[in-house]
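Asks: Could you have a look at this structure, given as structure tokens, before my questions?
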Amino acid sequence: MNQNILTAINGASEIIGTTWPLYTFVASNPLSGYENKPFEEAVALAEKYLQANTFPKATVYQQAYDTGLIDDAILTTLLKKNGFTKTPEFYLNQLSEKKEVLEVNLSHDVDRIMTKWLSAFLDEGLAEWTMPFKEKGFFTAWRALAPYDTDLNDVFKKEIPETACEVIDHILQEIPSADYELIFKYHLAALPGWIGYIKYRTNAKSDWEQKYPLALLDYLAVRLWICKNLGHTIVPDFADEGFMNESVSMQHLWLQAWEKSYQKELSEKLTTQAKNIALHTTDGVKEAQFVFCIDTRSEVIRRHVESKGNYETFGYAGFFGIAMDYKSLQDDNTRKSCPPIVSSVYTVTEEAQENKAHEYNTLGKRIKVLNFSKYLFKRMKNILPSAFGYVEGSGLVYGLGMVAKTLFPSKLLKIRQRTALHHEASCQPVLQKNTIEATYELDIPLVEKVGIVKSAFDLLGWTQFAPIVVFVGHGSLTTNNPFSSSLDCGACAASPGRHNARMLASLANLPEVKERLNVDHGILIPEGTIFLGAEHNTTTDCIAIFDAQAPDSHVHLIRKIKLNLMEAQKTATQDRLGISAKSIALAERKAADWGETRPEWGLAKNASFVIAPRNLTKHINLDARSFLHSYDWKLDTSGKALEGIMQGPMVVTQWINNHYYFSTIDNNIFGGGTKITHNVTGKFGVVQGNGGDLKMGLPLQSLFATDDEMYHQPLRLSVVIQAPISRVKSILDRNEKLKSLLDNKWIYLMVMDPIQEDKIFTYEQSQKWSGDAIKNSSEEQLLEKLALEVAL
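All letters in the sequence shown, in the order written, are residues 1 to 792 by full-length UniProt numbering.
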């Protein structure tokens, strides 16, 4: 194979993001391959190759402008600064008059043929009959079966070469190598959803990819051979470069004005709160402390939990610092439960709690019976000998089930919830270390267990411990929702965070871990402190505490906490749903109703990431728009904790933010389209109707209040860090990738410098910051200031 071809394929694939499967639907930037380019250039390339919109439509800007989300003074100033001297209304009318150019898809027939073959080959068990020869790879299987495809009669006038490499070499033999990457970009961009899923399988080294390989080389060989022999375009008729015009520039200016308007509002709230912190300071040990995920949905529930008792809350990435996979007791499958950018070091399994062997075994038997029943019913529906008789005979049962789902959804929800809680009542998590040989080691060194717990404490800035500390993972409970995993924890690779929370609580409770934390690190955990796992159901705002192993000494306090959490659920659902009565019932109905297209809003409206102590945001309503990560700069003298937050959670939240941005901007290309006509294919994805491209993003109903009225506000992420600016600058100096994200305007960064009275400085370009002269205090000066504060 010509090395130029392989290099060109790798380069061309960068224009396509990753399409995650439905069972682990992780939010990611669909233009992640272009993050090394300025935002405006990257979106211009996406417009060209994907025929996609990359800025909000004029109607969306109109809604934002009319409702005051875009500050008129900020917009006018920005327009004049860039040479546009007429009124905002004039330019908005110009954008409104811009007609969308609907390109005719000249490769429609080829796309249709390719999606037919891809859906058959990539199927993960939905189809009753498996495509033959899959184990030989996509190209070989296609070559063997293509003669029987009536759409390809003309293709077989010439014999197909035996390998994919020979096909591509043959087709490109008279084409200059300089054009290879352009050609591959054109053909990969024709079906970005399917290509994104091929990339996922390859990068994740999934079991399906190991058994049935499909490389981009194979895909391109099949596609180019079909195009060549059916007379379709091989070489696109445009140059491989971006384009800019006045219309794009104007759209970008409106977006920037919207973003700056939001930043102004956020900055004013935080600055006011920073001045009033002393008024809200309370001393003494709390009755309980809760550690929530940084997820924007936690912002609402944290406010309400804090208002119900002497409680303190923290924000921490929802995988709780454990780079793990989780092996489910329900289906025996192992799934990733940490960020996609993190390699899994451990696998967590389940074992019986002490003195709970009987309950554990009973649970295992129930699961086996339930799984067999599901298998049997599926077989009865699908196999020919019983299909018709089964449908006739089971009609009454299914009819009653439909009636129950329609008339009594909340009662069915409670049954599902009780089943889920039964799991934690008899099981406990066990940490195993992954090995190169794909086996597990149970004997994990104590130093590693201590390291996991200490890292959590360091990032959270803990100085004292309450009698009860609860690590609260989160998950979403919905019905009839193919995209349900998109509502679970993004930091856990779209899995519920309950398992990570339980595992961290289990490690923190170990006497030997507590002892080493004290002896080696000076972290003294009171003898009366216990750690518990819990789960926040983001659809209903119910928080379930897993306290089956809690000592009797804490039962009374736990009972009181549970009662207060029920009150928090009530007021949180009222706040979130905007009603004053029966809010929990409505939330439960949304979770249980199989016809509900908007069970919850997920992370819609996300716009900022605040890295600071809770006292900076505690008394502010941030409207579920902010990721909140606890961080105390005074306890992080080396800056390592902040650097870890910026390298990990900040990058992940940028992915989430851009996933929502692009899904909103062009829901057809980057999003999931309307749920009404979704059709699940292969168990891993959805298409619209009976075919077409695989959907790579969020459904329309997850982003819009109606088909035309926006709910999510498509803004780039604004990060606020409360820390000395000298510390942030030194971190950026050491991390070129982070600096590149800022320089290329994928992220905005504002720093509240506590050394300079919390003055806010905004990152502009190449380590240049807006605001007055920056006092770059040395680390020695900071330490001297801290020492003085302690002495006082």
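Cβ coordinates follow ideal geometry from the N, Cα and C atoms, glycine included.
1. Taking all protein chains shown into account, decide if histidine 556 is buried (16 or more other Cβ within 10 angstroms of its Cβ) or exposed.
2. Which same chain residues, not among the five before or five after alanine 787, have their C-beta less than 7 Å away from its C-beta?
3. Rounded to whole angstroms, what's the CA-CA distance from proline 236 to leucine 31? Just pull it up for me.
4. Three or more beta-carbon pairs under 8 Å between the stretch 636 to 644 and the stretch 330 to 337, yes or no?
5. Quick one: what does DSSP say glutamine 464 is sitting in, helix, strand or coil?
6. Taking buried to mean at least 16 other C-beta atoms within 10 Å of its own C-beta, is glutamate 527 buried or exposed?
7. Is the beta carbon of histidine 474 less than 7 Å from the beta carbon of histidine 536?
8. Give the secondary structure of threonine 233 by DSSP, where H, G and I count as helix, E and B as strand, and everything else as coil.
9. Using 10 angstroms around the beta-carbon of valine 26, count the other beta-carbons present and answer buried if the total reaches 16, otherwise exposed.
10. On the three-state DSSP scale, how would you describe aspartate 753?
11. Below 8 Å CB to CB, which residues in the same chain sit around isoleucine 74 once its five sequence neighbours on both sides are set aside?
12. Using the C-alpha atoms, what's the distance from proline 409 back to alanine 592?
13. Could you work out which residue in Trp20, Met131, Ile656 and Glu512 is closest to valine 447 when comparing CA atoms only?
14. Does DSSP put tryptophan 20 in a helix, a strand or coil?
15. In chain order, what are the residue ranges of uninterrupted beta strand (DSSP E) at least 3 long that sit wholly in the stretch 621 to 651?
16. Counting only runs that start and end within the stretch 91 to 166, where is the alpha helix (DSSP H) found for 4 or more residues in a row?
17. For the beta strand (DSSP E) that contains valine 305, what are its first and last residues?
18. Please report the residue range of the beta strand (DSSP E) in which serine 770 lies.
19. Lysine 336 bridges to which residues according to DSSP?
20. Whose C-beta lies closer than 8 Å to the C-beta of asparagine 276 among residues of the same chain, with five residues either side of it excluded?
21. Check whether the stretch 11 to 29 and the stretch 184 to 196 are in contact - that is, three or more C-beta pairs closer than 8 Å.
22. Roughly how many whole angstroms lie between the Cα atoms of glutamine 62 and glycine 685?
23. Could you check what DSSP says for alanine 288 in three-state terms: helix, strand or coil?
24. With distances taken Cα to Cα, identify the nearest neighbour of glutamine 701 among Lys729, Ser663 and Val687.
25. Buried or exposed: residue 794, going by 16 or more other Cβ atoms within 10 Å of its Cβ?
26. Taking buried to mean at least 16 other C-beta atoms within 10 Å of its own C-beta, is threonine 211 buried or exposed?
27. Helix, strand or coil: how does DSSP classify threonine 573 here?
28. Just to confirm before moving on: does the CB-CB distance between phenylalanine 546 and glutamate 424 stay below 7 Å?
29. Does the stretch 709 to 721 come close enough to the stretch 668 to 676 that 3 or more CB-CB pairs lie under 8 Å?
30. Below 7 Å CB to CB, which residues in the same chain sit around glutamate 299 once its five sequence neighbours on both sides are set aside?
31. With distances taken from CA atoms, which of Lys514, Gly691, Lys116 and Trp594 is nearest phenylalanine 465?
32. Check whether the Cβ atoms of isoleucine 171 and arginine 143 lie closer than 7 Å to each other.
33. With DSSP as the reference, label lysine 315 as helix, strand or coil.
34. Pull the bridge partners of threonine 347 from the DSSP assignment, please.
35. Can you tell me the Cα-Cα spacing of glycine 682 and tryptophan 208, whole angstroms?
36. Look up residue 794 in the DSSP assignment and give the residues it is bridged to.
Replies: So, from the listed chains and residues:
1. To locate residue 556, count along the sequence shown from 1; it is residue 556. The residue is exposed, with fewer than 16 neighbouring Cβ atoms inside 10 Å.
2. Within the sequence shown, the letter at position 787 stands for residue 787. The predicted model places alanine 787 with a pLDDT of 47, which falls under 50 and marks its position as unreliable; any figure quoted below should be read in that light. Apart from the 5 residues on each side of it in sequence, alanine 787 has no Cβ closer than 7 Å to any other Cβ in its chain.
3. Looking up residue 236 in the sequence shown gives position 236. Looking up residue 31 in the sequence shown gives position 31. If I take the Cα positions, the gap works out to 21 Å.
4. no
5. The count along the sequence shown starts at 1 and reaches residue 464 at position 464. Three-state result, glutamine 464: coil.
6. In the sequence shown, the residue the question calls residue 527 occupies position 527. Per the 10 Å Cβ criterion, exposed.
7. The count along the sequence shown starts at 1 and reaches residue 474 at position 474. The count along the sequence shown starts at 1 and reaches residue 536 at position 536. Against a cut-off of 7 Å, the Cβ pair of histidine 536 and histidine 474 comes out as a contact.
8. Position 233 of the sequence shown holds residue 233. The answer is coil: DSSP assigns threonine 233 none of H, G, I, E or B.
9. Residue mapping note: residue 26 aligns to position 26 of the sequence shown, counting from 1. Burial call: buried.
10. Taking the sequence shown and counting its residues from 1, the one referred to as residue 753 is at position 753. Strand.
11. The residue labelled residue 74 in the question sits at position 74 within the sequence shown. Same-chain partners within the cutoff: Ala257, Lys260, Ser261 and Lys264.
12. The count along the sequence shown starts at 1 and reaches residue 592 at position 592. The count along the sequence shown starts at 1 and reaches residue 409 at position 409. If I take the Cα positions, the gap works out to 5 Å.
13. Within the sequence shown, the letter at position 447 stands for residue 447. For the residues Trp20, Met131, Ile656 and Glu512, the minimum Cα distance to valine 447 belongs to Glu512.
14. Here residue 20 refers to the residue found at position 20 when the sequence shown is read from its first residue. In the structure shown, tryptophan 20 sits in coil (DSSP, three-state: anything other than H, G, I, E or B).
15. 626 to 629
16. 108 to 122 and 138 to 145
17. Mapped onto the sequence shown, residue 305 falls at position 305. Per DSSP, valine 305 is not a residue of any beta strand (DSSP E); the alpha helix (DSSP H) it occupies stretches across 297 to 306.
18. Numbered from 1 along the sequence shown, position 770 holds the residue referred to as residue 770. Serine 770 -> beta strand (DSSP E) spans 768 to 770.
19. Along the sequence shown, read from residue 1 onward, the residue named residue 336 stands at position 336. Its beta-bridge partners are Asp325.
20. Position 276 of the sequence shown, counting from 1, holds the residue named residue 276. Cβ neighbours of asparagine 276 beyond the five flanking positions: His619.
21. yes
22. As a first step, residue 62 is located in the sequence shown; it is residue number 62 there, counting from the start. As a first step, residue 685 is located in the sequence shown; it is residue number 685 there, counting from the start. The straight-line gap from Cα to Cα measures roughly 34 Å.
23. If you number the sequence shown from 1, residue 288 lands on position 288. DSSP places alanine 288 in strand when its eight states are reduced to three.
24. What you label residue 701 is simply residue 701 of the sequence shown in a count that begins at 1. Among Lys729, Ser663 and Val687, the Cα nearest to that of glutamine 701 belongs to Ser663.
25. With the chain represented from 1 up to 792, any question about residue 794 goes unanswered, as that position is not in the structure.
26. Here residue 211 is taken as the residue at index 211 of the sequence shown, counted from 1. For the record, residue 211 in the displayed sequence is lysine; it is not threonine. By the 10 Å Cβ count, lysine 211 comes out exposed.
27. Start at 1 with the first residue of the sequence shown, and residue 573 comes out as number 573. The answer is helix: DSSP assigns threonine 573 an H, G or I state.
28. Position 546 of the sequence shown, counted from the first residue, corresponds to residue 546. Position 424 of the sequence shown, counted from the first residue, corresponds to residue 424. Against a cut-off of 7 Å, the Cβ pair of glutamate 424 and phenylalanine 546 comes out as a contact.
29. no
30. To locate residue 299, count along the sequence shown from 1; it is residue 299. Answer for glutamate 299: Leu622, Ala624, Ser626 and Leu628, listed in chain order.
31. Locating residue 465 in the sequence shown gives position 465, where the first residue counts as 1. If we check each option's Cα against that of phenylalanine 465, Lys514 comes out closest.
32. Working through the sequence shown from its first residue, we reach residue 171 at position 171. Working through the sequence shown from its first residue, we reach residue 143 at position 143. No; because the gap between Cβ atoms is not below 7 Å, this pair is not in contact.
33. Against the sequence shown, residue 315 aligns to sequence position 315. Just to set this straight, residue 315 is glycine in the shown sequence, not lysine. DSSP places glycine 315 in strand when its eight states are reduced to three.
34. Here the question's residue 347 lines up with position 347 in the sequence shown. Beta bridge pairing from DSSP links threonine 347 with Asp325 and Gln432.
35. The residue labelled residue 682 in the question sits at position 682 within the sequence shown. The residue labelled residue 208 in the question sits at position 208 within the sequence shown. Straight-line Cα distance between these residues: approximately 12 Å.
36. In the structure as shown, the chain starts at 1 and stops at 792, and residue 794 therefore has no counterpart that could be examined.
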